[in-house]
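S.K.: Counting in the working numbering, the sequence shown runs from 5 upward without gaps. From the three backbone atoms N, C-alpha and C, an ideal C-beta is built for every residue, glycine too. Take this structure first; my questions come after.
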Amino acid sequence: MDQLQPQELIIDDRENGIFRVNRRAFTDPAIFEVEKREVFDRSWLYAGHTSEIAKPGDFITRRVGGRPLILVRDRAGQPHALLNSCPHRGNIVCRERAGSGAQNFVCFYHAWNFDLDGSLAGVPDEASYTPAFDRGAMGLKPVPRFENYKGMLFVNYDRDGEDLIAYLGNAREYLDYMLDFGGDDVEVVPGSQAYSMKANWKLLIENSIDGYHAVPTHYRFFVQYLNDMGADNSAWIGQRRQFGIGLALGGGHSVIENPQRRTPVMSTAEDELAQIRARLVERYGAERAHRIADFTRNLFIFPNLILISNWHTIRTWYPLAPDYIEIDAWAALPRDESPELRQKRYENFISFLGPAGFGTPDDVSGLEGCQRGFATCRELEWSDISRGMGKEQPSSQDELQMRAFWRRWNALMRGERGPTDCSDRPHAAQRAAAE
Ligand code: FES
Ligand SMILES: [Fe+2]
Numbered sequence: 005m006d007q008l009q010p011q012e013l014i015i016d017d018r019e020n021g022i023f024r025v026n027r028r029a030f031t032d033p034a035i036f037e038v039e040k041r042e043v044f045d046r047s048w049l050y051a052g053h054t055s056e057i058a059k060p061g062d063f064i065t066r067r068v069g070g071r072p073l074i075l076v077r078d079r080a081g082q083p084h085a086l087l088n089s090c091p092h093r094g095n096i097v098c099r100e101r102a103g104s105g106a107q108n109f110v111c112f113y114h115a116w117n118f119d120l121d122g123s124l125a126g127v128p129d130e131a132s133y134t135p136a137f138d139r140g141a142m143g144l145k146p147v148p149r150f151e152n153y154k155g156m157l158f159v160n161y162d163r164d165g166e167d168l169i170a171y172l173g174n175a176r177e178y179l180d181y182m183l184d185f186g187g188d189d190v191e192v193v194p195g196s197q198a199y200s201m202k203a204n205w206k207l208l209i210e211n212s213i214d215g216y217h218a219v220p221t222h223y224r225f226f227v228q229y230l231n232d233m234g235a236d237n238s239a240w241i242g243q244r245r246q247f248g249i250g251l252a253l254g255g256g257h258s259v260i261e262n263p264q265r266r267t268p269v270m271s272t273a274e275d276e277l278a279q280i281r282a283r284l285v286e287r288y289g290a291e292r293a294h295r296i297a298d299f300t301r302n303l304f305i306f307p308n309l310i311l312i313s314n315w316h317t318i319r320t321w322y323p324l325a326p327d328y329i330e331i332d333a334w335a336a337l338p339r340d341e342s343p344e345l346r347q348k349r350y351e352n353f354i355s356f357l358g359p360a361g362f363g364t365p366d367d368v369s370g371l372e373g374c375q376r377g378f379a380t381c382r383e384l385e386w387s388d389i390s391r392g393m394g395k396e397q398p399s400s401q402d403e404l405q406m407r408a409f410w411r412r413w414n415a416l417m418r419g420e421r422g423p424t425d426c427s428d429r430p431h432a433a434q435r436a437a438a439e
């Protein structure tokens, strides 16, 4: 990226309220290579949830940050994140997507076998190796860093840098609101919604925290379906439309927060939802219960994780090319609700965010359309992301939450290692505040 000056990619003029992103950031293979190294290989990446490997011998495999991983719970109950590549000659060791009751992992190629904690347990014809063969060093390699936040398992391929709690920073408060909804006991429903998109990975970030697109892009859902389901859609459209707020949380994280609006689930489970709310008050007090239960949130954790409370969704994705991403989404539901309410929440998740739901195909079409539009990026160089820039408190329909991402992205791409000011505050005001 030496020849590419970062200031060419972002115009961030806080004084005059101008924010633009150069569309080469979505198309250029050289930028993509730098992103892999400077963004993904330096950030905490969501890998899975402890409920997916609840018992000893449970395992899942998935690609995280471009690497194949095994997440496994060993015999002593300890979770591990292991690189799913054989120390012998590299083969993928575990080829299943998920399983339980595993005793060990046997490599397909020459049958080396490994314990659930990754250590090498057996090598066929081991006597043929020299005394220099170091068995202890030939286990499945753990990822450099692996941490658990309230059941959410994160990995980091960078040995240095801050720990997960520091990395989450102010986003932790909002993550807690979402996880506490399940009384600290959220579980991921088995099976994921896996799909792909011919679009740059950063388009899905913008889209996931973009209140502005919701009604025009998903018109059929908000105007027709909600109406047909007997849900009151006036908070989404028309005179009584509520806008909520968008916040930059530091570290590139951000959130959009809206007052809880009625959903089809709420109309059909009034009593149980009232009981759940009463339990939250008992457990956390009225104020915190209000913060947990009376708002919906899309929380973005830099660089590729979104939690969407309205649909109880955890979603992450990774680019395989500048114009191609693979996405996984799961339903994370409170463990102790009735099977009926769980079913309704699950149907709600599938019906909007499933690959054939009301929402996801619209978004895929929208983002693939942007990517096709970027073929004009020599003539039409800039995307405008300035919406709400002059406001004291931008709304969820504005774009502060996206600027927060882009500011952090830009800092990392420039090789800056310290904290980034992701806010809209003009530099002059910042200087004044610091004095
Ligand atoms: S590559 Fe795995 S045993 Fe040879
Ligand atoms: Fe959408």
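Identify the continuous alpha helix (DSSP H) that holds residue 321 and give its terminal residues.
M.R.: Residue 321 -> not in any alpha helix (DSSP H); beta strand (DSSP E) instead, spanning 317-325.
S.K.: Report the start-end ranges of each beta strand (DSSP E) in the segment 183-251 that is 3 residues or longer and not cut off at the edges.
M.R.: For the segment 183-251, whole beta strand (DSSP E) runs of length 3 or above, ordered along the chain, are 190-192, 197-201.
S.K.: Tell me whether residue 5 sits in a helix, a strand or coil according to DSSP, three-state version.
M.R.: Low per-residue confidence applies at residue 5: pLDDT is 46, beneath 50, and the placement is therefore not dependable, though the value from the model is reported in the following sentence. Of the three classes helix, strand and coil, the one that applies to residue 5 here is coil, per DSSP.
S.K.: Using a Cβ-Cβ distance cut-off of 7 Å, determine whether residue 70 contacts chain B.
M.R.: Considering every chain present, this structure includes no chain B. It has just one protein chain.
S.K.: Note down the Cα distance separating residue 42 from residue 236, rounded to an integer number of angstroms.
M.R.: Rounded to whole angstroms, residue 42 to residue 236 spans 45 Å at the Cα level.
S.K.: Quick one: using the 10 Å Cβ neighbour count with 16 as the cut-off for buried, is residue 303 buried or exposed?
M.R.: Burial call: buried.
S.K.: For the beta strand (DSSP E) that residue 156 lies in, which residues bound it at each end?
M.R.: Taken as a continuous stretch (DSSP letters only), the beta strand (DSSP E) holding residue 156 covers 156-160.
S.K.: Let me check one thing: in DSSP terms, what residues is residue 337 bridge-paired to?
M.R.: Beta-bridge pairing links residue 337 to 191.
S.K.: Give the DSSP-derived three-state secondary structure of residue 410 in the structure shown.
M.R.: If DSSP states are grouped into helix, strand and coil, residue 410 belongs with the helices.
S.K.: Got a sec, what are the start and stop residues for the alpha helix (DSSP H) residue 365 sits in?
M.R.: It spans 364-377 - the alpha helix (DSSP H) in which residue 365 sits, taken as one unbroken run.
S.K.: Which residues in the same chain as residue 173 place their Cβ atom closer than 6 Å to its Cβ, once the five residues preceding and following it in sequence are excluded?
M.R.: Taken in chain order, the residues that qualify are 254, 255.
S.K.: Relative to the C-alpha of residue 92, which candidate in 83, 77, 409, 127 has its C-alpha closest?
M.R.: Answer by Cα proximity: 127.
S.K.: Apply the 10 Å Cβ neighbour rule to residue 398 and answer buried if 16 or more other Cβ atoms are within range, or exposed otherwise.
M.R.: Its Cβ being crowded by 16 or more others within 10 Å, residue 398 is buried.
S.K.: Label residue 224 either buried or exposed according to how many other C-beta atoms from any shown protein chain fall within 10 Å of its C-beta, with 16 as the threshold for buried.
M.R.: Looking at its Cβ environment, which holds fewer than 16 other Cβ atoms inside 10 Å, residue 224 is exposed.
S.K.: Residues in the same chain with beta-carbon distance under 6 Å from residue 1, minus the five sequence neighbours each way, listed in chain order, please.
M.R.: In the structure as shown, the chain begins at 5 and stops at 439. Residue 1 is therefore absent and cannot be evaluated.
S.K.: Which of helix, strand or coil does DSSP assign to residue 147?
M.R.: Coil.
S.K.: Sort out for me which residues DSSP pairs residue 302 with in a bridge.
M.R.: 260, 312, per the DSSP bridge assignment.
S.K.: With a threshold of 6 Å on Cβ separation, who are the neighbours of residue 207 within its own chain once the five nearest residues in sequence on each side are excluded?
M.R.: If we look at residue 207 and ignore the five residues flanking it on each side, its Cβ neighbours are 371, 374.
S.K.: Give the straight-line distance between the Cα atoms of residue 347 and residue 35, rounded to the nearest whole angstrom.
M.R.: Cα to Cα, residue 347 sits roughly 43 Å from residue 35.
S.K.: Where residue 335 and residue 183 are concerned, what is the direct C-alpha to C-alpha distance, given to the nearest angstrom?
M.R.: In a straight line, the C-alpha of residue 335 is about 12 Å away from that of residue 183.
S.K.: Put residue 404 into one of helix, strand or coil per three-state DSSP.
M.R.: Looking at residue 404 - three-state DSSP - the assignment turns out to be helix.
S.K.: May I ask you to report which of helix, strand or coil DSSP gives residue 380?
M.R.: Three-state DSSP puts residue 380 in a helix.
S.K.: Return yes when the Cβ of residue 57 is within less than 7 Å of the Cβ of residue 77, no when it is not.
M.R.: Cβ atoms of residue 77 and residue 57: closer than 7 Å.
S.K.: When you compare the CB positions of residue 106 and residue 63, do they come within less than 7 Å of one another, or not?
M.R.: Cβ atoms of residue 106 and residue 63: closer than 7 Å.
S.K.: Return yes when the Cβ of residue 202 is within less than 7 Å of the Cβ of residue 328, no when it is not.
M.R.: Yes, these two residues count as a Cβ contact at 7 Å.
S.K.: Please report the distance separating the alpha-carbon of residue 219 from that of residue 428.
M.R.: Those two C-alpha atoms are separated by around 26 Å.
S.K.: Could you say which of 312, 133, 361, 290 lies nearest to residue 337 if we only look at CA atoms?
M.R.: Of the listed residues, the one whose Cα sits closest to residue 337 is 312.
S.K.: With H, G and I counted as helix, E and B as strand and the rest as coil, what does DSSP make of residue 127?
M.R.: Coil.
S.K.: Flag residue 53 as yes when its Cβ comes closer than 6 Å to any non-hydrogen atom of ligand 3, and as no otherwise.
M.R.: With respect to small molecules bound, the structure shown includes ligand 1 and ligand 2 and not ligand 3.
S.K.: DSSP puts residue 50 in a beta bridge; with which residues?
M.R.: Looking at the DSSP assignment, residue 50 forms a beta bridge with 158.
S.K.: Looking at residue 262 and residue 300, is the spacing between their C-beta atoms short of 7 Å?
M.R.: Contact: yes.
S.K.: For residue 145, I'd like the list of residues in its chain whose CB is within less than 6 Å of its CB, leaving aside the five on either flank, ordered along the chain.
M.R.: Result list for residue 145: 87, in chain order.
S.K.: Does residue 324 pass the burial test, meaning 16 or more other C-beta atoms within 10 Å, or should it be called exposed?
M.R.: Exposed, by the Cβ-count rule.
S.K.: Would you mind stating whether residue 260 and residue 209 have Cβ atoms separated by less than 7 Å?
M.R.: Taking 7 Å as the Cβ cut-off, residue 260 and residue 209 do not qualify as a contacting pair.
S.K.: With ligand 1 as the reference, list in chain order each residue whose Cβ lies under 5 Å from any of its heavy atoms.
M.R.: Here the list is 90, 92, 93, 95, 111, 113, 114, 116.
S.K.: Going by C-alpha to C-alpha distance, which of 74, 240, 103, 49 sits closest to residue 97?
M.R.: Taking only the C-alpha atoms, the option nearest residue 97 is 74.
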